[in-house]
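In the working numbering, the protein residues as written are 8 to 231. We put the beta carbon where it would ideally sit given N, CA and C, even for glycine. Keep in mind that this is a model prediction, so the values were computed, not measured. Single-structure report; data block below.
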């Protein structure tokens with residue numbers, strides 16, 4: 008039976024207009040690999056059984072656990088209720104799971120909140136001075152939607168590429184879609200690892216495109 012860990016929210020930070028960072032207590036002996044996730048629920052009678060998967064966005068060595076969560080108020084679900092919580096409120100986390108794990112320098116393709124598993128990976132690489140050689144293509148609707156924009160620039164420099172699909176007036180960004188034409192223009196080596204996370208259909212489409220362009224299936228890292 009899966010173990011449950013009640014944890015108190017320690018701090019909440021507004022990251023973007025609809026994304027918040029939650030720092031919570033870390034149970035003794037609890038550990039994860041950057042890129043992994045757990046199922047989270049709110050420790051209230053009517054919400055305890057409503058589990059949502061969220062990726063850890065802090066480092067395993069931290070004394071706390073961290074999640075970066077986009078709210079969807081129109082859905083009136085777990086994320087909307089999460090965004091109403093305050094420090095001192097409780098969550099329930101469970102065992103660690105996840106297939107996204109760093110396998111060496113490569114290309115990261117993220118859409119919206121799909122950046123979250125990569126945040127922990129990039130933060131660990133940055134701390135270990137091993138971020139060089141990685142490239143990020145991060146797609147969002149508008150400039151205001153970019154999660155941890157400045158931090159990603161600090162970690163990756165010119166290798167952090169930001170793509171906007173619905174903000175044509177914003178300067179300094181790529182205005183396109185991550186599709187076959189884009190990947191052929193931007194990438195010359197398809198034998199390196201590719202890390203893909205975003206909406207389900209985006210992940211499916213990009214994996215198919217990458218395989219067609221010669222990417223090795225074993226080097227495609229995504230949540231199965």
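**Item:** Pair within 7 Å by beta-carbon distance, residue 66 and residue 130
**Value:** Working through the chain shown from its first residue, we reach residue 66 at position 59. Working through the chain shown from its first residue, we reach residue 130 at position 123. The answer is yes: Cβ separation under 7 Å.
**Prompt:** If you drop the 5 nearest sequence neighbours on each side, which residues of the same chain put their C-beta closer than 7 Å to that of residue 189?
**Reply:** Here the question's residue 189 lines up with position 182 in the chain shown. Around residue 189: 183.
**Asked** In its own chain, which residues sit with a C-beta less than 8 Å from the C-beta of residue 12, not counting the 5 before and 5 after it?
**Response** As a working note, residue 12 is residue 5 in the chain shown. Excluding residues within five positions, the ones whose Cβ falls inside 8 Å are 34, 37, 99, 100 and 101.
**Prompt:** Along the chain, where does the beta strand (DSSP E) that runs through residue 20 open and close?
**Reply:** Against the chain shown, residue 20 aligns to sequence position 13. Residues 12–23.
**Message:** Our contact map puts residue 123 next to residue 64 with C-beta atoms below 8 Å; I'd like the distance itself, whole angstroms only.
**Reply:** For this step, residue 123 is matched to residue 116 along the chain shown. For this step, residue 64 is matched to residue 57 along the chain shown. Correct: roughly 6 Å between the Cβ atoms.
**Item:** Option nearest residue 227 by Cα separation, candidates 208, 58, 165 and 108
**Value:** Here residue 227 is taken as the residue at index 220 of the chain shown, counted from 1. In this structure, 108 is the residue among 208, 58, 165 and 108 with its C-alpha nearest to the C-alpha of residue 227.
**Request:** Kindly indicate the opening and closing residues of the beta strand (DSSP E) around residue 46.
**Result:** Here residue 46 refers to the residue found at position 39 of the chain shown. For residue 46, the enclosing beta strand (DSSP E) has its first and last residue at 44–49.
**Message:** Going residue by residue through the stretch 73–132, where are the continuous beta strand (DSSP E) segments of at least 3 residues, counting only ones entirely within it?
**Reply:** Taking only runs of at least 3 residues, the beta strand (DSSP E) segments lying wholly in the stretch 73–132 are 97–104 and 114–118.
**Prompt:** Considering only C-alpha positions, which residue in the set 205, 73 and 177 is nearest to residue 28?
**Reply:** Mapped onto the chain shown, residue 28 falls at position 21. Considering only alpha carbons, the answer is 73.
**Asked** Residue ranges of each beta strand (DSSP E) run of no fewer than 3 residues wholly in the stretch 143–201, ordered along the chain?
**Response** 167–171
**Prompt:** Excluding sequence positions up to five away, which residues of its chain have a Cβ less than 6 Å from the Cβ of residue 60?
**Reply:** Position 53 of the chain shown, counting from 1, holds the residue named residue 60. The residues are 44 and 46.
**Prompt:** Does the Cβ-Cβ distance between residue 162 and residue 136 come in under 7 Å?
**Reply:** As a first step, residue 162 must be located in the chain shown, where it is residue number 155. As a first step, residue 136 must be located in the chain shown, where it is residue number 129. Contact: no.
**Prompt:** Do residue 41 and residue 154 have their CB atoms nearer than 7 Å?
**Reply:** Start at 1 with the first residue of the chain shown, and residue 41 comes out as number 34. Start at 1 with the first residue of the chain shown, and residue 154 comes out as number 147. In this structure, residue 154 does not lie closer than 7 Å to residue 41 by Cβ.
**Request:** State the Cα-Cα distance for the pair residue 172 and residue 8, rounded to the nearest angstrom.
**Result:** One-based indexing of the chain shown puts residue 172 at position 165. One-based indexing of the chain shown puts residue 8 at position 1. Roughly 43 Å separates the two Cα atoms.
**Message:** If contacts are defined as beta-carbon pairs under 8 Å, then residue 205 and residue 119 qualify, I think. What distance do you get, rounded to the angstrom?
**Reply:** If you number the chain shown from 1, residue 205 lands on position 198. If you number the chain shown from 1, residue 119 lands on position 112. Contact flag correct, Cβ pair sits at about 6 Å.
**Item:** Residue burial classification, residue 49 (beta-carbon count within 10 angstroms, cutoff 16)
**Value:** Stepping through the chain shown from its first residue, residue 49 is reached at position 42. Per the 10 Å Cβ criterion, buried.
**Request:** Going by CA-CA distance only, name the one from 24, 89, 141 and 165 that's closest to residue 232.
**Result:** What the structure shows of the chain is the stretch from 8 to 231, and residue 232 is not part of that stretch, so it cannot be assessed.
**Request:** Reducing DSSP to helix, strand and coil, say where residue 60 ends up.
**Result:** On the chain shown, position 53 is the one that residue 60 refers to. Three-state result, residue 60: strand.
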